[in-house]
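Q:
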Amino acid sequence: MNPLRSFFLSLALSMIVGTSLATVDVYEFSDEDKYERYKVLTEELRCPKCQNQNIADSDAQIAKDLRQEVHRLVEAGQSDDQVVSFMVERYGDFVRYRPAMEGAMLGLWWGPVVIVLTGIPLLVFWVRRRRQADAGSIERGLDDQEKQRLKRLLDKDEGDRQ
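Counted from 1, the sequence shown has number 41 at position 41 by the working numbering; the numbering is strictly sequential.
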């Protein structure tokens, strides 16, 4: 058999086997509303291991454990807020894709806005002040004492060249 052909055949087989080994969680719900809540919650909670993937899409073991915990809490009658609070208590605010607007998070959300809104007027003020200072020094020119000093320096420089 051709080595290239056997390579592609083994690659195709490993892809087929690899996808068939992926685990699919199957949870039974007492009603359709709980299933819909479960789907929304697992899409809104972030996997602590994957960091930028929700627990619904993650294949990490911890994501599987979190999905199981969400299922248990939803079936136990916990509200969405209670489920999220439980997860935040265990894993911190990082587990939320949309962190609450409270405490230190307010600084993260509004800090850049405050910096820009105060920085722009300060920058404008500084530039205007600088321009005025530069314009004033040009208009002022040299006084008599500065002119005499400049003349001495230029004369000294001409004497050094000769």
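The beta carbon of each residue, even a glycine, is placed where N, CA and C say it ideally should be. Fair warning: this is a prediction, and the values are worked out from it, not measured in the lab.
Residue 142 by DSSP, collapsed to three states: which one?
A: Against the sequence shown, residue 142 aligns to sequence position 142. Three-state result, residue 142: coil.
Q: Which first and last residues belong to the alpha helix (DSSP H) in which residue 43 is found?
A: Walking along the sequence shown from the start, residue 43 turns up at place 43. 32 to 44 is the extent of the alpha helix (DSSP H) around residue 43.
Q: To the nearest angstrom, how far is the alpha carbon of residue 4 from that of residue 10?
A: In the sequence shown, residue 4 corresponds to position 4, counting from 1. In the sequence shown, residue 10 corresponds to position 10, counting from 1. One C-alpha to the other measures close to 10 angstroms.
Q: Around the C-beta of residue 37, are 16 or more other C-beta atoms found within 10 angstroms, so that it is buried, or is it exposed?
A: Numbered from 1 along the sequence shown, position 37 holds the residue referred to as residue 37. Classification for residue 37: buried.
Q: Would you decide whether residue 154 is buried or exposed? Buried here means 16 or more other CB atoms lie within 10 Å of its CB.
A: Taking the first residue of the sequence shown as 1, we reach residue 154 at position 154. By the 10 Å Cβ count, residue 154 comes out exposed.
Q: Do residue 48 and residue 95 come within 9 angstroms of each other at the CB atom, strictly closer than that value?
A: Here the question's residue 95 lines up with position 95 in the sequence shown. Here the question's residue 48 lines up with position 48 in the sequence shown. In this structure, residue 48 lies closer than 9 angstroms to residue 95 by Cβ.
Q: How many Å lie between residue 21 and residue 56 at the Cα?
A: Position 21 of the sequence shown, counted from the start, is the residue given in the question as residue 21. Position 56 of the sequence shown, counted from the start, is the residue given in the question as residue 56. Reliability fails at residue 21, whose pLDDT of 47 lies under 50, so the model's placement of it is uncertain and the value that follows must be treated cautiously. If I take the Cα positions, the gap works out to 17 angstroms.
Q: In the DSSP assignment, find the unbroken alpha helix (DSSP H) run with residue 64 in it and report its ends.
A: Here the question's residue 64 lines up with position 64 in the sequence shown. Taken as a continuous stretch (DSSP letters only), the alpha helix (DSSP H) holding residue 64 covers 61 to 75.
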